[in-house]
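The working numbering puts the first residue of the sequence shown at 1402, with every later residue one more than the last.
Structure first, commentary second.
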Amino acid sequence: MYTFSSPSRTQLVGQYEAVDTGGGALAWSPDPISAIDAISGGDSSTALFYAVRRAILEDPERDDILVVFSDGKENSSPQGAREDVLNLIEQERIVVFSLGFGNVDQADLRAMSSPYGAFLGVRPSLVGLFSEVAARVQSIYTVVYDTPVSFGSHRLDMRVRISRGRRVRHVATIEAGIDFARQAYGRFPMLPGTVVELTDFTKAPPETLTYTVLPADQAVTGKDSLFAFAIEPSHACPGPDCTIVYQGPYGQGARDEDGRVYFPAEPVVGESWKDPISGEQFTLAGFETLTFFGGTGQKRRYRCAKITFPGGTHWFAPEIGLVRTRDSSGTTLLELASPPCLSDSFSGGCQVR
1402 MYTFSSPSRT QLVGQYEAVD TGGGALAWSP DPISAIDAIS GGDSSTALFY
1452 AVRRAILEDP ERDDILVVFS DGKENSSPQG AREDVLNLIE QERIVVFSLG
1502 FGNVDQADLR AMSSPYGAFL GVRPSLVGLF SEVAARVQSI YTVVYDTPVS
1552 FGSHRLDMRV RISRGRRVRH VATIEAGIDF ARQAYGRFPM LPGTVVELTD
1602 FTKAPPETLT YTVLPADQAV TGKDSLFAFA IEPSHACPGP DCTIVYQGPY
1652 GQGARDEDGR VYFPAEPVVG ESWKDPISGE QFTLAGFETL TFFGGTGQKR
1702 RYRCAKITFP GGTHWFAPEI GLVRTRDSSG TTLLELASPP CLSDSFSGGC
1752 QVR
């Protein structure tokens, strides 16, 4: 449980666990009431997004349900905190239940809850809110369906039977292979709808190279039934240099439509292979975390595979592909222009996260 007003006054009050008391009933251990009663009145500051981000990042497993009670409008979090939190909720798939009482910004609470949780409205007081949230949390069920289909969007009929007089809210989605694809290292971006821009410093002035993963209906099934998506070098299309390439997830790596390896399925430091695009000998030298800044001061960190070749070094990030190239003298030749527009599904559409 966290309390928050300004960032400096945001703190973890305590940790509490819901335990079974028998007959399906749950109770908090230890009882948080005394800690809640001891919370002093706040000031006019509300660092809502700072507190939510901290609560998510300080949960090691990040598999808990986050409940947000707010009585004020956001006015104290650092610049960019709202976008960071919404991206984090999407990326980590955090279930957020939010409630407001008093003068709150409903749009902010809805934005945090809309992906996987629920906004429970604005109430005149705290009376009954804890019991209502507890009832909601205890009624959540997750149904997992394992599909033999490799990739793509599919329709799944799900029927829920409930007793008379009860109501149920459910969300059913299936994106076969999407998590698999997001974790894969490839030479190019991975999911349809994704757009990645690289700055080419070998040109004067530097030029922007744009790679777009085309819609899933333009993918192909190549050798070994490999599903490969079409990647368009948008900076060269249309034109004589417009050559579509194909790439599909292959374990933790990627292959083209003919089964040639862009990145091995089980990467092992020291392993070498021939790159099907350049023909050069690639060797996995290790992994390194890189930070890239966007045009608004935002930054993103990526755990990249560091690949050496006779002329220098490449860095590849999961889902994004190539993010940096340097020659043997250490001069940067290519680099990710800004945090990219990444797809959330095989049906396309993307956001910076």
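Idealized CB from N, CA, C, for every residue including glycine.
Tell me whether the beta-carbon of T1447 lies closer than 8 Å to the beta-carbon of E1491. no
Identify, in the order they occur along the chain, each residue of the same chain with its Cβ nearer than 6 Å to the Cβ of Y1703, setting aside the five sequence neighbours on each side. L1691 and A1718
Continuous alpha helix (DSSP H) assignments of at least 4 residues falling wholly in the region 1578-1630: 1579-1583
Name the DSSP bridge partner or partners of K1675? Q1682
In three-state terms, what does DSSP make of R1410? helix
How is Q1648 classed by DSSP in three states: helix, strand or coil? strand
Pair within 8 Å by beta-carbon distance, L1592 and V1614: yes
Terminal residues of the continuous alpha helix (DSSP H) containing I1457? L1449 to L1458
Selected residue, minimal CA-CA separation from F1502, among L1487, S1515, G1518 and G1522: G1522
Among A1686, D1745 and R1483, which residue has its Cα nearest to the Cα of A1617? D1745
P1634 bridges to which residues according to DSSP? Y1612
Can you tell me the Cα-Cα spacing of A1685 and E1672, whole angstroms? It is worth fixing the name first, because residue 1685 is Leu in this sequence and not Ala. One C-alpha to the other measures close to 6 Å.
Once you ignore the five residues that flank A1512 on each side, which residues in its own chain have a CB closer than 7 Å to its CB? L1487
Proximity winner among V1670, F1602, F1589 and T1622, relative to I1632 (alpha-carbon distances): F1589
Identify every residue that forms a DSSP beta bridge with F1664. A1655
For R1727, which residues does DSSP report across the bridge? T1714 and T1733
Please report the distance separating the alpha-carbon of P1668 from that of A1706. 9 Å
In whole angstroms, what is the alpha-carbon distance linking I1495 and F1694? 25 Å
Note down the Cα distance separating P1641 from V1469, rounded to an integer number of angstroms. 55 Å
Neighbourhood of V1534 by C-beta distance below 8 Å, restricted to the same chain and skipping five residues each side: V1468, F1498, L1500 and L1521
If G1652 and V1670 are in contact, beta carbons under 8 Å, what's the gap, nearest whole angstrom? The Cβ separation is near 16 Å, so there is no contact.
Pairwise C-alpha distance: S1729 and T1714: 7 Å
Under the rule that 16 or more other beta-carbon atoms within 10 Å means buried, what is G1415, buried or exposed? exposed
Do F1630 and G1649 have their CB atoms nearer than 8 Å? yes
Along the chain, where does the beta strand (DSSP E) that runs through S1514 open and close? Element bounds for S1514: not the beta strand (DSSP E) but the alpha helix (DSSP H), Q1507 to S1514.
Please go through the same chain and pick out, in chain order, the residues whose beta-carbon is closer than 8 Å to the beta-carbon of R1727, but skip the five residues on each side of it. G1713, T1714, T1733 and L1734
Could you check whether L1510 and S1471 sit closer than 8 Å to each other, using their CB atoms as the reference points? yes
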